[in-house]
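Quick notes on the structure that follows.
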Amino acid sequence: MSCHKKAYITTPIYYVNDIAHIGHAYTTIIADTLARYSRLSGLETFFLTGTDEHGQKIEEAAKSRGKSTQNYADEISATFKNLWDDFDISYDKFIRTTDADHIKGVQKAFSVMVKKGDIYKDTYKGHYCISCETFFPSIQLVDDEFCPECGKSTSIVEEESYFFRLSEYQDKLLAYYEAHPDFILPKSKRNEVIRFVEGGLQDLSITRTSFDWGVKLPEEMNDAKHVMYVWLDALMNYITALGYGSDDANMDFWPARVQLIGKDILRFHAIYWPAFLMSLDLPLPTHIAAHGWWTRDGEKMSKSKGNVVNPKEVADAYGLDNFRYFMLREVPFGGDGDFSQKALIDRINSDLGNDLGNLLNRLVGMSGKYFEGKINSAKVATYHQAELDEVHASLEKLEPLLYEMQIHRYLEELWRPLSVANKAIDTYQPWTLMKEGKEEEAMALNGLIAAILAKVAVMLYPVMPAVCTKISQALCFDIDTATWQTLIKESALLQPFTLEKVEPLFPRIEELLLEQIEPIDSKAETKTEKKPQTQEEDKTEGIALIGIDQFFQTSLKVGTVVSAEEVPKSKKLLLLQVDVGEQVPRQVLAGIREWYSAEEMLGTQVCVVANLKPATLMGLKSEGMLLAAKDENGLCMIRPEKPKTAGTPIG
Ligand code: MSP
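Numbering (numbering that gives the first Met the number 0), first residue to last: 0 to 650.
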């Protein structure tokens with residue numbers, strides 16, 4: 000941790016060739032949580048986000064839509080900004096790399112590097128991936144042609160280029176990583192970077208002549224045909240946003256405390272960026288923190304893959320704060336996570352509804368019934384010092400966990416006080432205390448529960464600001480630096496107050512609220528789980544037994560595959576048209592491509608679940624499911640032993 004009194008927190012700036020998906024929302028929500036905690040703990044905080052708008056990729060995206068590049072960039076940049084505003088993201092500045100001050104700042108940085116002797120001119124020949132805006136050495140290419148990062152075709156580009164002497168920084172970087180073991184978080188990622196740098200760094204081509212949608216070189220270079228490499232341009236945003244190269248207004252926020260990124264752009268942030276900063280004689284950020292990927296059905300999520308989960312839809316359906324909690328709690332920072340509505344619903348009903356919301360309800364019930372909602376903490380320490388000690392021991396662990404980016408553990412630890420509270424109610428039973436005339440003890444218990452709820456609300460506020468504000472209103476206090484100081488740092492209790500009414504915070508969710516974003520298989524799973532177990536005792540080796548009538552609720556039919564093709568952007572799915580004896584064949588998406596080719600499926604017979612609700616996968620409707628069996632050796636279709644007429648019922 001730095002002892003800088005100011006805290007600067009950044010997200011990557013997002014490319015404007017893609018609309019925002021939950022991956023982008025994840026980075027931004029983590030950064031927002033850190034910024035909110037930082038402000039709450041009294042630090043002067045500057046939180047930056049924005050859009051990355053230059054480069055060939057954007058130029059091409061605009062062209063393909065028949066728009067001018069600037070108009071197109073304006074449009075998409077606004078969709079990001081609007082989304083963050085809708086999400087109440089507490090950014091202090093939204094930077095665009097097309098901002099005049101940013102451009103000035105990048106040119107200034109270029110000039111400084113030239114003066115330093117770190118930039119020289121040469122020619123470059125290599126395999127270039129437009130999509131990743133990166134050159135790759137031929138040994139890294141897949142099948143001698145395809146980009147190792149995104150799989151798209153690369154082209155050979157030979158051009159005059161300015162180079163940055165990255166090779167000069169190899170030893171300095173290694174020494175820096177060695178001296179600052181927390182520079183790259185999580186630590187597992189640090190080793191990857193070190194190994195890469197130890198493998199040798201080549202000088203970096205930092206200008207392009209093949210397109211012109213980019214920052215021009217500083218005038219004194221007198222070389223109009225070059226524009227800057229997007230990554231040089233983009234990385235500089237972190238300092239130009241503070242006024243580097245223009246008014247320097249906020250440069251005292253530098254170095255950043257945490258720069259949040261996804262693991263895909265670690266190399267740029269942990270190698271190039273520090274080298275550029277060293278060249279500019281600026282200090283390096285305290286932490287570069289790289290999170291993992293959100294996937295859908297195990298695949299990376301991106302518009303080009305067509306498997307994007309829209310964060311706005313999820314937040315609208317399930318609640319913004321619930322979505323924030325889910326994302327931060329579900330996946331250990333640095334690891335990958337697969338998005339599932341079912342997991343989201345479980346978190347809402349269980350962690351939020353049962354543990355937190357219900358605790359507040361219990362307090363409202365107890366204090367309303369026995370004390371007209373009045374709460375007085377005077378005797379809490381007399382009766383509940385042990386519980387208070389346990390709660391404070393947990394609270395003390397929280398801040399370090401956040402600074403180490405162990406946010407899921409932060410939330411896990413924050414739930415301990417809630418369980419202390421719920422357990423205290425069960426153990427001391429206020430209704431029994433009241434029956435025995437122990438009013439003082441019952442009031443002390445209420446005081447304990449109120450204090451725990453208040454403390455949890457303060458520490459949960461950065462993750463769930465709206466919900467925690469409601470809790471604090473019910474408990475008649477404000478969440479701010481002063482209450483953070485007293486309730487958390489000084490272990491204080493609440494002043495006497497009367498509990499305000501509060502509507503239920505987490506109404507129970509019984510069904511998937513977003514049909515179209517759930518893969519078919521997990522949909523089926525959720526359905527089965529939700530069905531009441533009519534014969535719970537009838538189990539054979541853990542399998543619930545059902546009656547024949549229940550079995551016949553499933554309509555199984557023989558189908559003939561009359562058309563089969565691959566779903567272009569999916570490695571798993573085949574798109575089949577299956578005749579099940581109806582007027583038109585059913586369209587079925589089957590996740591079998593790893594085991595069966597389209598040709599192998601065409602003309603064969605299959606068993607179809609014919610009364611499943613249709614679902615949409617990768618934008619395509621699926622109107623049935625095929626039966627298959629899968630073990631560690633792979634998957635095989637279940638088929639009629641002899642040919643049968645399409646539509647023949649199975650059972
Ligand atoms: N413009 C560059 C960053 C320049 S920073 C100087 C860029 N932009 S991006 O829009 O493609 O991605 C930005 C960030 O979004 C990634 O680093 C990553 O943090 C996040 N994600 C994009 N897709 C993601 C997932 N599917 N899952 C999690 N995060 C991902 O890279």
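Even glycine gets a Cβ: it sits at the ideal position worked out from N, Cα and C.
According to DSSP, residue pairing for S621 in a beta bridge involves A614. Look at N421: its beta carbon is at least 7 Å from all of the heavy atoms in ligand 1. With respect to I193, L165 sits apart: the two C-beta atoms are not nearer than 8 Å. In the three-state reduction of the DSSP assignment, A609 falls in the coil class. Placement of the Cβ of L216 at a distance of 7 Å or more from every heavy atom of ligand 1 is found. Here DSSP, grouped into helix, strand and coil, assigns M458 to helix.
Listed in chain order, the non-local C-beta contacts of I155 below 8 Å within the same chain comprise K124, G125, H126, Y127, local neighbours out to five positions each way being set aside. Of the other Cβ atoms in all chains shown, fewer than 16 fall within 10 Å of the Cβ of Q384; this residue is therefore exposed.
Ranked by Cα distance from Q201, the first of L140, Y168, A34 is Y168. I28 has its CB no nearer than 7 Å to any heavy atom of ligand 1.
The alpha-carbon of H53 is positioned some 9 Å away from that of Y228.
For H391, the uninterrupted alpha helix (DSSP H) segment begins and ends at 379–402.
Between the alpha carbons of M326 and Y25 lies a distance of about 7 Å. Where M636 is concerned, the enclosing beta strand (DSSP E) starts and stops at 633–636. Taking the Cβ atoms as the reference, W414 lies roughly 7 Å from D350, within the contact range of under 8 Å.
Annotation for K151 indicates a beta carbon at 7 Å or more from all heavy atoms of ligand 1. In the structure shown, the three-state DSSP call for K488 is helix. With contacts defined by Cβ atoms closer than 8 Å, L492 and A441 do not form a contacting pair.
When I29, S376, E502, V214 are compared, the shortest CA-CA separation from V105 is found for V214.
DSSP, reduced to helix, strand and coil, places E438 within a helical segment of the structure shown. Residue ranges of uninterrupted beta strand (DSSP E) with 3 or more members, entirely inside the region 103–160 and ordered along the chain, are 118–128, 133–135. Between the alpha carbons of L574 and E157 lies a gap of roughly 41 Å.
The beta-carbon separation of L203 and Y271, rounded to 7 Å, stays under the 8 Å limit for a contact. Secondary structure at E598: helix, using DSSP grouped into helix, strand and coil. With contacts defined by Cβ atoms closer than 8 Å, G446 and I374 form a contacting pair. Shown here, A481 sits in a helix according to DSSP, grouped into three states. Looking at the DSSP output, V587 shares a beta bridge with L575. By the criterion of a C-beta distance shorter than 6 Å, K378 is surrounded in its chain by E439, A443, once the five residues flanking it on both sides are discounted.
Cβ-Cβ distances below 6 Å link Y382 to E440, A443 in the same chain, with the five nearest sequence neighbours on each side left out; the list follows chain order. Restricted to the region 237–304, the alpha helix (DSSP H) segments that are unbroken, complete and at least 4 residues in length are 272–278, listed in chain order. If you look at I57, you'll find it isn't in any beta strand (DSSP E); it sits in the alpha helix (DSSP H) that goes 55–63. Proximity to E640 across G646, V330, V605 peaks at V605, based on C-alpha coordinates.
Pairwise C-beta distances place the region 417–433 in contact with the region 358–377, as three or more of them are shorter than 8 Å.
Residue pairing for M227: DSSP places it in a beta bridge opposite T206. Under the criterion of beta carbons closer than 8 Å, P399 and K454 do not qualify as touching, at roughly 17 Å. Counting along the chain, no alpha helix (DSSP H) covers V566, and no H or E run does either.
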